[in-house]
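Following: one structure in structure tokens, then a few remarks.
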Amino acid sequence: MDHFHIVIAGGGNAGLCAAISAARAGASVCVLEAAPKDWRGGNTRHTRNMRVAHDEGNGILTGPYPVDEYMDDLTRVTNGNTDTELASLTLEKSSELWDFLAQQGVHYQPSLGGTLSLGRTNAFFLGGGRSMLNALYRTAQALGVSVFYDAKVSALDIENGFFESAEVTHNWQSSNPRKSVIHGRAFIAAAGGFEANIEWLKEAWGPAAENFLIRGTPYNRGDVLKQLIDAGVQSVGDAKQCHAVAIDGRAPKFDGGIVTRLDCVPFGIVLNNRCERFYDEGEDFWPKRYAIWGRLVAAQPDQVGHVIIDSKSIELFMPSVFPPLQADTLEELATLIGIDAMSLNKTVASFNQACRGKQFDHTVHDDCHTEGIEPPKTHWARAIDTPPYYAYTLRPGITFTYLGVKVDRDARMIMSDGTPSANLYAAGEIMAGNVLGEGYLAGIGMTIGSVFGRIAGDTAAKRVSN
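Residue 175 is where the sequence shown starts when you use this note's numbering, and the numbers rise one by one after that.
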């Protein structure tokens with residue numbers, strides 16, 4: 175048997191921020207990562223940036239992003255479905271993350287261009303999420319943190335809300351797995367959601383979940399989450415709520431990552447298989463609306479959508495890893511994507527006739543809109559009339575799920591009787607539903623992970639030192 179002060183399940187951003195914070199406070203720490211070393215880090219591997227509050231620009235961040243504006247943005251995208259106390263704590267503490275991560279060896283770069291428009295609000299990692307993750311691992315291991323890869327938490331010994339030990343299956347994917355028991359004075363769950371567990375998704379979504387693509391790690395199956403709920407930890411959030419975006423339908427089933435996301439929606443129209451538009455493509459700036467499109471596509475027949483744009487827009491957005499389908503006529507394009515040509519022509523003609531406004535500008539809420547059709551397109555509406563024409567087929571891409579464990583401001587898990595556990599803590603996607611009841615704001619998943627990872631590590635370390 176192994177003994178540590180603090181046992182952490184999950185080796186992504188949240189788990190490592192917790193491990194570093196606890197180790198710096200003098201605790202002995204182990205991290206249990208279910209993935210092999212080459213796949214370590216959960217969804218952190220695919221991230222590019224983190225949304226942080228700050229009072230002024232710094233040469234890379236192009237201007238101020240105060241907490242009040244951040245809260246307004248979060249309230250809007252969640253429709254107010256957030257724990258206000260924990261949300262406020264997250265956003266206030268986010269202002270510390272730039273310096274904290276820099277101290278762990280993380281470097282930054284100017285933001286990417288295109289429709290993201292995040293240069294003022296989000297800190298982009300030099301080398302992306304994998305580089306950021308590698309820096310955290312280097313720091314954690316230099317502090318003496320023990321990391322076990324391919325180590326699945328197969329059972330938790332929790333009595334009356336008190337953690338005693340974790341049963342761990344090592345090399346669990348091999349033909350010769352080995353089990354051990356690791357004891358700890360505190361346990362931090364940072365093992366992500368259940369988005370890679372298709373059967374669990376089907377419990378919430380029904381058969382439609384078979385058509386979902388999983389953008390991130392195939393190792394986030396919700397095993398630790400289920401064990402905690404079964405042990406009497408109070409759950410939070412809706413199993414159907416998740417960070418889901420519309421991604422290229424050619425993406426792999428798992429681990430396609432950020433490169434499969436499509437940012438062209440504001441520049442065209444989106445149709446289902448019946449050639450019907452189903453939502454306002456120009457409702458708001460893309461970083462504030464891109465995360466609703468996965469759920470929108472999931473609600474369409476066969477969980478499929480199609481983006482139609484023309485040559486006026488093809489250079490205006492970040493290109494996907496897959497090239498668009500291209501044709502000189504709408505009829506040819508319809509054949510390529512498998513929809514009815516006559517219906518496509520009719521929908522495009524109706525949209526074109528409804529377009530109003532002359533000052534197209536994708537960097538502002540311009541006056542280009544539609545009149546007389548439903549749904550409207552509120553901004554960036556231009557006729558689709560300049561060949562060649564382009565199309566992308568969309569599928570729902572699930573990033574992470576919001577059903578998780580309820581926590582307080584010290585990252586302590588709340589038990590079913592409403593009392594906080596004495597030594598169970600959570601950080602990251604496994605508790606993000608406290609802040610994200612619905613919707614998403616670009617970069618906030620990483621913010622929640624870092625903020626609550628630090629809180630969990632600090633709080634757990636103080637407890638075990640006493």
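We put the beta carbon where it would ideally sit given N, CA and C, even for glycine.
- [ ] Compute the Euclidean distance between the alpha carbons of Ile432 and Trp467, then round it to the nearest angstrom.
- [x] 15 angstroms
- [ ] Can you tell me which of the three DSSP states Thr289 falls into?
- [x] Only weak support is given to the placement of Thr289: the predicted model assigns it a pLDDT of 48, under 50, and the question is left unresolved by the model.
Open item on the list: For Lys551 and His539, which I take to be in contact (beta-carbon distance under 8 angstroms), what is that distance rounded to the nearest angstrom?
Closed with: Actually they do not touch by this definition, with Cβ atoms about 12 angstroms apart.
Task: Unbroken stretches of the alpha helix (DSSP H), 4 residues or longer, contained in the region 502-547 - done: 504-511, 515-528
TODO: Reducing DSSP to helix, strand and coil, say where Gln401 ends up.
DONE: helix
TODO: State the start and end residues of the unbroken alpha helix (DSSP H) segment that holds Val625.
DONE: 618-639
Open item on the list: I'd like to know whether the C-beta atoms of Ile547 and Ala364 end up nearer to each other than 8 angstroms.
Closed with: no
Task: Check whether Val481 and Pro570 have beta carbons under 8 angstroms apart - done: no
TODO: Report the option in Gly423, Ala340, Phe368, Phe386 whose CA atom is closest to the CA atom of Ala183.
DONE: Ala340
Task: Gln283 to Phe336 span [Cα, whole Å] - done: 43 angstroms
Open item on the list: So for Ser349, helix, strand or coil by DSSP?
Closed with: coil
Open item on the list: Comparing C-alpha positions only, which one of Gly358, Ser348, Ala425, Gly619 sits nearest to Asn385?
Closed with: Ala425
Task: Three-state class that DSSP yields for His417 in the structure shown - done: strand
Open item on the list: What would DSSP say about Ala183, mapped onto helix, strand or coil?
Closed with: strand
Open item on the list: With distance defined between alpha-carbon atoms, name the residue in Phe452, Gly411, Asp484 nearest to Ala473.
Closed with: Phe452
Open item on the list: Please return the same chain residues whose Cβ sits closer than 6 angstroms to the Cβ of Thr221, not counting the five positions on each side in sequence.
Closed with: Gly303, Met620
Task: Bridge-paired residues (DSSP) for Pro594 - done: Ile588
TODO: On a CA-only basis, which of Pro562, Val478, Asp331 is nearest Asp404? Give me that one, please.
DONE: Asp331
Open item on the list: Could you give the first and the last residue of the continuous beta strand (DSSP E) run that contains Glu384?
Closed with: Unbroken run through Glu384: none, as it is neither H nor E.
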